[in-house]
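Each remark here refers to the structure printed beneath this line.
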Amino acid sequence: MAIEIRMPAVSPSMTEGSIARWLKKVGETVKPGDILAEIETDKAVVELEAEYAGVLGKILVKDGTQNVQVDALIALLLEPGENVSALVQPGAAAPKQAAQATKEEVAVVTAVALLAPAASNVGASGRILVSPLARRIAAARPVDLTRIKGSGPNGRIVRLDVEAAPATSMSSVPASLPSGAYEEIPNSSMRRMIAKRLSEAKQTIPHFYVSIDCSIDALLELRREISDCPEDIKLSVNDFVIKAASLALRKLPGVNATWTEAAIRRYKSVDVSVAVSTSSGLVTPIIKNADHKSLAQISSEMKELAERGRHNKLAQDEYQGGGFTISNLGMYGIREFAAIINPPQSCILAVGAGEQRAVVKDGTLGIATMMTCTLSADHRVVDGALGAEFLAAFKKLIEHPLSMLL
Amino acid sequence: MAESSFDIVVIGAGPGGYVAAIRAAQLGLKVAIVEREHIGGICLNWGCIPTKALLKSAEVLRLAQHADAYGIEVPKASFNLAQVVKRSRSISAQLQSGVKHLLKKHKVIVFEGQGKLAGKGQVMVGKDGKTIADLTAHHIILATGARARVIPGMEADGKLVWSYKEAMIPEAMPKSLLVVGSGAIGIEFASFYRTLGAEVTVVEVMERILPVEDAEISLLARKSFEKQGIKVLTSATVKSLKRGAKQVTATVESAGKTSEISVDRVIVAVGISANTENLGLEGTKVRIEKGHVVVNQWLETNEPGVYAIGDLTLPPWLAHKASHEAVICVEKIAGVSGVHPLDVLKIPGCTYSHPQIASIGLSEQRAKEAGYAIKVGRFPFLANGKAIAIGETEGLVKTIFDVKTGELLGAHMIGADVTELIQGYAIAKTLETSEAELINTVFPHPTLSEMMHESVLDAYGRVVHF
């Protein structure tokens with residue numbers, strides 16, 4: 474029997490991903506550990522390693538295919554002595570398929586729409602309820618079991634369901650629509666994940682907002698001094714913001730928390746996610762234990778993570794699991810904005826641009842460089858007073874930057 | 005005035021009809037059932053059940069006759085035919101009252117009379133030429149079953165030429181018996197009468213007995229019956245029956261040769277005819293083809309609101325098929341989700357002769373004809389510890405698998421208790437197991453069921469005890 478290669482679940486929350494590209498061609502010999510393909514998940518590109526030796530017999534899901542369900546059959550690896558012809562189904566010879574590509578693409582779109590209530594057969598454990606016979610028939614055709622609605626007891630997929638389902642297509646490029654009023658840009662899996670998570674966050678989390686103006690003249694002065702040091706360390710304002718936020722979080726752990734039905738979960742470490750925009754969306758690499766790291770460490774780590782984030786090269790644990798997020802649009806001259814909470818976190822700090830403003834201090838009008846920060850907080854976890862306390866602590870650190878170095 | 009408006013009216017209270025009524029009641033539907041003769045239908049009054057009672061008597065006699073083989077001394081075992089028949093009849097009576105009780109328990113209203121369609125959603129119940137009730141129903145399920153098929157010249161006369169009914173209540177033992185037809189019914193009567201001492205000849209028009217069974221099983225059955233002294237004539241037709249005063253002379257043509265057989269009694273068991281008459285089907289859209297009502301997979305006839313189940317429809321003509329269709333039909337009417345059509349390849353069939361025969365799915369030949377590449381497993385009773393221990397070493401368990409998917413395409417068994425064993429394979433087929441699950445299943449030792457395991461192992465070259 475050929476070895477089935479299935480769409481891996483890179484993270485527990487992952488339900489689907491895209492095949493970015495295949496690195497092995499059909500007919501190529503594969504050793505365990507060889508990279509077969511790059512899989513694009515919600516926020517990163519991961520490499521799919523071969524677990525077994527063999528020859529790549531058939532690629533069932535082509536480069537660029539999106540919305541591939543976890544556990545879907547994506548390729549078949551032949552064991553020594555097995556023949557490719559054994560995998561080819563009668564009447565489904567490869568050249569014929571190529572010739573019918575356009576037709577098939579249209580058909581696929583229809584098929585997907587028809588099968589929309591997908592994954593209903595997937596139990597809470599993630600196990601697909603399917604009869605042994607249906608599973609074998611599905612593997613041979615091939616049919617993606619995760620897209621079939623089972624008609625058996627408890628939604629179990631039975632033979633009839635598999636036989637009635639269209640075979641998994643070799644391509645799922647959306648059908649091109651007649652041009653005119655608009656252009657459609659296919660959603661990347663990252664785009665869809667952003668859409669899903671943020672809609673969910675804004676719709677289900679009771680957001681409230683508190684803003685504060687921070688004077689950053691002292692901070693800018695300190696930054697200049699540091700950059701003049703022979704160590705040649707270039708710190709950004711954002712590095713200070715990360716540091717200040719992490720120290721404020723340590724002081725007020727109630728902010729570094731998550732809502733669950735049973736309890737509010739307070740994190741023991743201060744892991745700060747930082748939003749980084751990329752060409753296809755945004756990623757939130759994490760500075761772990763930021764409260765214990767020096768500004769220089771934070772700075773170099775941030776540069777490195779942002780760079781990899783922009784190229785979709787982050788490992789899963791590098792962008793999942795932070796307790797608090799910072800989003801900074803200051804570089805665009807944004808004065809202030811309110812961000813949407815990044816679940817399951819309960820707060821996000823929106824940082825605006827540092828700009829010279831007229832300020833009244835001790836009864837006289839003066840000029841100061843001010844930066845407005847807005848905290849979006851989940852009211853289930855953080856009450857107004859706590860949010861205010863957090864911003865006050867944050868402001869104090871920003872305005873007295875030397876205290877961050879203690 | 006009795007209730008006359010129902011969600012469902014079922015005509016016929018056999019194993020199709022009464023199960024339909026009970027299932028409908030369980031689903032909260034208001035249901036009535038109309039029966040012209042006896043609750044429980046042919047199955048438990050004049051079919052499945054009373055014949056099993058007779059065959060049990062035969063089995064006890066056989067065991068008593070062979071008791072010495074087990075070290076038990078039984079002084080000349082004999083039987084009392086009247087008592088054998090009486091026992092069989094009392095069991096039918098007991099079960100009939102059981103079904104009546106079940107219907108009552110489920111508040112199914114029973115109308116004793118002849119049910120007939122009388123316009124859209126209307127059923128007229130007649131008795132002795134009078135209308136005793138006019139019922140209205142959203143859905144009408146026809147479940148009137150079938151009767152023995154009659155071939156001109158071979159009509160049962162109740163004296164010399166019997167149908168199943170007379171054969172079940174003999175007043176005296178015939179010394180010689182001709183059984184026309186070697187389906188399950190013919191073979192069971194042949195087995196019963198042979199065990200009780202009659203000289204039995206079976207005539208089958210096809211080239212082998214039990215023609216629906218796998219050819220290998222059919223051949224083993226023939227050998228076993230012949231060893232017991234039953235004469236078997238295949239590819240043979242009864243040309244005529246000459247009825248004398250006490251004997252019948254049958255002219256049998258076989259392989260171009262004609263011979264005459266004189267016997268005390270003839271049992272005609274050449275299939276069934278559906279009871280489609282007097283149902284008021286004329287003028288409805290209900291279609292009848294080859295004597296049977298045409299239905300779709302949900303048992304709907306072409307007439308909206310009229311359904312047909314069981315022997316009225318297509319084969320196999322088995323009580324459990326009727327009961328299962330009843331459930332599908334009613335659940336579909338009630339809008340139960342997840343109802344699947346009946347797959348005939350998942351319906352087991354049993355013949356309760358000695359030896360017993362049971363099967364499910366495709367025979368080896370039919371599997372090949374259907375284009376499957378197959379693996380065949382066989383395991384003989386001779387190699388099974390339990391079979392040897394109970395002195396039942398005659399028999400075989402044969403399994404047929406699809407090479408490509410590992411699907412159990414068919415299972416065919418002959419030997420002791422196989423009618424009780426076959427449901428293991430029926431479950432396997434319904435759950436859509438492959439050979440792997442059957443191989444991984446633990447079968448208890450020592451049992452006859454171990455042969456079911458070994459047969460699967462044999463199909464995959466892994467048989468242990470043979």
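Just so you know, the protein sequences line up as chains A and B, in that order.
Counted from 1, the first sequence has number 672 at position 199 by our numbering; the numbering is strictly sequential.
Counted from 1, the second sequence has number 310 at position 306 by our numbering; the numbering is strictly sequential.
Each residue gets a CB set at the ideal place from its N, CA and C atoms; glycine is no exception.
{"Check": "Within chain B, the residues that V519 of chain A reaches when beta carbons sit closer than 9 Å", "Outcome": "Result: empty, since nearest Cβ-Cβ is about 32 Å, beyond 9 Å."}
{"Check": "Exposed unless 16 or more other CB atoms sit within 10 angstroms - verdict on I431 of chain B", "Outcome": "exposed"}
{"Check": "Counted within 10 angstroms of its Cβ, other Cβ atoms place S167 of chain B as buried (16 or more) or exposed", "Outcome": "buried"}
{"Check": "Classification of Y792 of chain A by the beta-carbon crowding that lies within 10 angstroms, buried from 16 upward", "Outcome": "buried"}
{"Check": "Residue interval of the alpha helix (DSSP H) (run including M899 of chain A)", "Outcome": "In the structure as shown, chain A starts at 474 and stops at 879, and residue 899 of chain A therefore has no counterpart that could be examined."}
{"Check": "Minimum Cβ-Cβ distance from A440 of chain B to chain A less than 9 Å", "Outcome": "yes"}
{"Check": "As assigned by DSSP and simplified to three states, the class of T619 of chain A", "Outcome": "helix"}
{"Check": "Residue environment, G1 of chain B, which counts as buried when at least 16 other CB atoms sit within 10 Å", "Outcome": "Since the first and last residues shown for chain B are 5 and 470, residue 1 of chain B lies out of range."}
{"Check": "Candidates B:G284, B:G419, B:F10 and B:S438, of which the one nearest K227 of chain B by Cα", "Outcome": "B:G419"}
{"Check": "Per-residue burial, Q829 of chain A [other beta carbons within 10 Å of its own, 16 or more giving buried]", "Outcome": "exposed"}
{"Check": "Bounding residues of the beta strand (DSSP E) (the contiguous stretch that carries G827 of chain A)", "Outcome": "C820 to K834"}
{"Check": "Within the stretch 148-197 of chain B, ranges of the beta strand (DSSP E) (whole runs, at least 3 residues)", "Outcome": "150-152 and 180-184"}
{"Check": "Exposed unless 16 or more other CB atoms sit within 10 angstroms - verdict on Q818 of chain A", "Outcome": "buried"}
{"Check": "Alpha-carbon to alpha-carbon, E734 of chain A and G806 of chain A", "Outcome": "39 Å"}
{"Check": "In DSSP terms, what Q479 of chain B is bridged to", "Outcome": "This structure does not reach residue 479 of chain B, given that chain B is present from 5 up to 470, and the question cannot be answered."}
{"Check": "Distance between Q770 of chain A and V743 of chain A (C-alpha atoms, nearest Å)", "Outcome": "15 Å"}
{"Check": "Alpha-carbon to alpha-carbon, P659 of chain A and S645 of chain A", "Outcome": "At S645 of chain A, the pLDDT of 43 sits below 50, so the modelled position is not reliable; the number obtained from the coordinates is stated separately. Their Cα atoms are separated by approximately 11 Å."}
{"Check": "Backbone CA spacing between M480 of chain A and A548 of chain A [nearest angstrom]", "Outcome": "9 Å"}
{"Check": "Opposing strand residues paired with E511 of chain A [DSSP bridges]", "Outcome": "A:R494 and A:E520"}
{"Check": "Residue from A:H852, A:G795 and A:I478 with nearest C-alpha to A523 of chain A", "Outcome": "A:I478"}
{"Check": "Candidates B:A194, B:L425, B:I26 and B:L285, of which the one nearest V35 of chain B by Cα", "Outcome": "B:I26"}
{"Check": "Cutoff 9 Å: A640 of chain A Cβ touching any chain B Cβ", "Outcome": "no"}
{"Check": "Any C-beta of chain B under 9 Å from that of R781 of chain A", "Outcome": "no"}
{"Check": "Alpha helix (DSSP H) runs wholly inside the stretch 205-248 of chain B, at least 4 long, in chain order", "Outcome": "219-231"}
{"Check": "Three-pair Cβ contact test at 8 Å for the stretch 840-855 of chain A versus the stretch 662-673 of chain A", "Outcome": "no"}
{"Check": "Where the beta strand (DSSP E) through I601 of chain A begins and ends", "Outcome": "No beta strand (DSSP E) contains I601 of chain A, which DSSP labels as neither H nor E."}
{"Check": "Burial state of C820 of chain A (16 or more Cβ within 10 Å)", "Outcome": "buried"}
{"Check": "Status (buried if at least 16 other CB within 10 Å, exposed otherwise) for K433 of chain B", "Outcome": "buried"}
{"Check": "Below-9 Å beta-carbon distance, S593 of chain A vs any chain B residue", "Outcome": "In this prediction, S593 of chain A has a pLDDT of 44, which is less than 50 and means its spatial position is unreliable; what the coordinates show is noted afterwards. Answer no: the Cβ-Cβ gap between S593 of chain A and chain B never drops below 9 Å."}
{"Check": "C-alpha gap between G102 of chain B and P54 of chain B, whole angstroms", "Outcome": "15 Å"}
{"Check": "Neighbouring residues, chain B, relative to I610 of chain A (Cβ below 7 Å)", "Outcome": "T409"}
{"Check": "Stretch pair the stretch 852-866 of chain A + the stretch 688-697 of chain A: three plus CB contacts closer than 8 Å", "Outcome": "no"}
{"Check": "Sheet register partners of C846 of chain A (DSSP bridge)", "Outcome": "A:I685 and A:V824"}
{"Check": "Proximal chain B residues relative to S672 of chain A, where beta-carbon distance stays under 9 Å", "Outcome": "Correct list: empty, because the minimum Cβ distance to chain B is about 31 Å."}
{"Check": "Secondary structure of N306 of chain B, DSSP reduced to three states", "Outcome": "coil"}
{"Check": "Bounding residues of the alpha helix (DSSP H) (the contiguous stretch that carries D11 of chain B)", "Outcome": "Taken as a continuous stretch (DSSP letters only), D11 of chain B belongs to no alpha helix (DSSP H), being part of the beta strand (DSSP E) at S9 to I15."}
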